[in-house]
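S.K.: Heads up: the sequence shown is residues 24 to 380, going by the numbering used here.
Can you keep this structure in mind? I'll have questions shortly.
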Amino acid sequence: FTLLGLIGLRNPVREGEKEAISRCRNAGIKVIMMSDDDPEFARELASSIGLTPAKAGSLTEEDVSGMSSEQLEEHIAHTSLYISLAPHTKEKVIRRLQGEGRVAYMTVKHDSLPAMKAADLGVTSAISGSDLLVEESAAALKDGGFVGFVRLLEWIRSAFLTCISSARWLICCRVGEGLTMLLALGIAALISEEYWAPMSLRQVIWLQLWGLMLPALGFIQIRQLPIEYVRVERIKLVGADSALKGAVMALTALLGGALTMELSRYDEMLEGRFKATVVTILLISQLIFALRSQLGGGGLGELISNKALLPLAGLGLAAHICGLYLKPISSLLGFAPLGVEWIWISILCLAPFLPLG
């Protein structure tokens, strides 16, 4: 025989895989790989995509099968590569990983169905995955690579962030408005029967329109943020920090009203100025908290990415100022134009910038 040449086949790494793994790590996500390839090839592939160092350890079917639950738990903490695991062993690893936190599992092989069903989020490829996998999965990606999986996580985390931010903001606003009225009634009962209610019904509706309903339109849009921006932590006290912000909002509004009553006590339009001060502080605080709820790991980049919220907040503030100084509207609402009151309003409206929560 005469040797004419050698032909070598190599499965190339998909473009963007290495960067996607790095981005997941920056977002606090641990990436693991379960490979059914040849052990040497699997280790080389894991090293080339930046999943593991060149000489990092890995676990095979024999390794995992011979371990106790305690040993497996110890090795799982620092292992990112699993080679040639049987379907039931993959499921065992997934179950053990779930003891540390939720797991998103991606697979395209039919024999990995038990592990995918055991995971909290089963993802497969709509192109290379079997019909059974596509039917049983929580999501089937047209782009079945890891890059597509990262894009899916970005959408999931962005949607979660939008929902939790809007919920916190609404709790804050409702608590602030409710406590303002409740505390004012308590003060009236304890101190003086002549103490005015901080808001009339028309003023409450006005506050709801420009301080709540209008900015809420900015939360309708789900902003797809880079995965590094959205570090999702377990939410234990969703309402506690929001209620604290609402309480601070109520206290600053009543304090502003009290300053107006004290420093403008001989003004004929004192009641109108008092209520205008309270409503203005509540409205500005609600708008500031709405904008702050959009700030996270991405800083101002996240806020700017919501192209609707900032203009809506500005429109709400402009409409309220018009309501204060345009005679027909202010007379209808029972407001009096503000003057020197803007000094303490400006100071008290800095409260939403405090590190509350």
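Glycine included, C-beta positions come from ideal geometry on N, C-alpha and C.
(1) Measuring CA to CA, which of LEU305, ARG315, ILE368 is closest to ARG197?
(2) For ARG296, is the classification buried or exposed, using 16 other Cβ atoms within 10 angstroms of its Cβ as the cut-off for buried?
(3) Nearest-angstrom Cα distance between GLY122 and THR112?
(4) So, are the CB atoms of GLU364 and THR283 less than 8 Å apart?
(5) Give, in chain order, every unbroken run of the beta strand (DSSP E) that is at least 3 residues long and sits entirely within the region 35-67.
(6) Between LEU314, SER45, ALA276, which lies nearest to CYS372 when the distance is taken from Cα to Cα?
(7) Given a cut-off of 8 Å, decide if ILE52 and THR83 are closer than it, judged by their beta-carbon atoms.
(8) Take GLU40 and list the residues in its own chain whose beta-carbon comes closer than 7 Å to its own, dropping the five residues that flank it on each side.
(9) I need the straight-line Cα distance from ILE344 to ALA212, nearest angstrom please.
(10) Within the region 310-369, note down every full alpha helix (DSSP H) run reaching 4 residues or more, in order along the chain.
(11) Which value, in whole angstroms, describes the spacing of the CA atoms of ALA190 and TRP229?
(12) Which same chain residues, not among the five before or five after LYS259, have their C-beta less than 6 Å away from its C-beta?
(13) Starting from ALA163 and walking both ways along the beta strand (DSSP E), at which residues does that stretch end?
(14) In the DSSP assignment, the alpha helix (DSSP H) including GLU207 goes from what residue to what residue?
(15) Indicate the three-state DSSP secondary structure (helix, strand or coil) for SER92 in the structure shown.
(16) What does a CB cutoff of less than 7 Å around GLY342 pick up in its chain, not counting 5 residues either side in sequence?
(17) Is LYS259 helix, strand or coil by DSSP?
(18) Measure the C-alpha to C-alpha separation of LEU240 and ALA207 and round it to an integer number of angstroms.
(19) Do you know how far the Cα of SER103 is from the Cα of SER88?
(20) Is THR102 helix, strand or coil when you go by DSSP?
(21) Give me whichever residues DSSP pairs with MET129 in a beta bridge.
(22) Would you tell me roughly how many angstroms separate the C-alpha atoms of PHE172 and GLN244, rounded to the nearest one?
(23) So which of ILE117, PRO221, ASP264 has the shortest CA-CA distance to THR203?
(24) Would DSSP call THR303 helix, strand or coil?
(25) Considering Cα atoms alone, identify which of LEU136, GLU42, PHE64, ALA142 is closest to GLY124.
(26) How long is the line joining the alpha carbons of ASP60 and ALA69, rounded to whole angstroms?
(27) At which residues does the alpha helix (DSSP H) containing THR112 begin and terminate?
M.R.: Based on what the coordinates show:
(1) Of the candidates LEU305, ARG315, ILE368, LEU305 places its Cα closest to the Cα of ARG197.
(2) Classification of ARG296: buried, given that the 10 Å Cβ count is 16 or more.
(3) Rounded to whole angstroms, the separation of the alpha carbons of THR112 and GLY122 is 16 Å.
(4) Yes; because the gap between Cβ atoms is below 8 Å, this pair is in contact.
(5) Fully enclosed beta strand (DSSP E) runs of 3 or longer: 56-58.
(6) Among LEU314, SER45, ALA276, the Cα nearest to that of CYS372 belongs to ALA276.
(7) For THR83 and ILE52, no; Cβs fall outside 8 Å.
(8) Correct list, in chain order: ILE72, GLY168, PHE169, VAL170.
(9) For ILE344 and ALA212, the distance between alpha carbons rounds to 32 Å.
(10) 323-328, 332-348, 350-356, all fully within the region 310-369.
(11) The alpha-carbon atoms of ALA190 and TRP229 are separated by roughly 21 Å.
(12) Its pLDDT being 49, under 50, LYS259 is placed unreliably by the model, and the measurement read from it follows with that caveat. Excluding residues within five positions, none has a Cβ falling inside 6 Å.
(13) 162-164 is the span of the beta strand (DSSP E), which, as asked, contains ALA163.
(14) One detail in the question is off: residue 207 reads as Ala in this sequence, not Glu. Where ALA207 is concerned, the enclosing alpha helix (DSSP H) stretches over 169-213.
(15) It is helical.
(16) Here residue 342 turns out to be Ala, not Gly, going by the sequence shown. Cβ neighbours of ALA342 within its own chain (closer than 7 Å, five residues either side excluded): TRP233.
(17) Confidence at LYS259 is low in this model, with a pLDDT of 49, below 50, so its placement is unreliable and the value that follows should be read with caution. Coil at LYS259, not helix or strand.
(18) Those two C-alpha atoms are separated by around 30 Å.
(19) Our two residues, SER88 and SER103, have alpha carbons roughly 17 Å apart in a direct line.
(20) In the three-state DSSP reduction, THR102 falls in the coil class, being neither helix nor strand.
(21) As computed with DSSP, MET129 is found in a beta bridge with VAL146.
(22) If you take the alpha carbons of PHE172 and GLN244, they lie about 22 Å apart.
(23) The alpha carbon of THR203 has as its nearest neighbour, out of ILE117, PRO221, ASP264, the alpha carbon of PRO221.
(24) THR303: helix per DSSP, three-state reduction.
(25) For the set LEU136, GLU42, PHE64, ALA142, the Cα lying nearest the Cα of GLY124 is the one of ALA142.
(26) If I take the Cα positions, the gap works out to 11 Å.
(27) Element bounds for THR112: 110-121.
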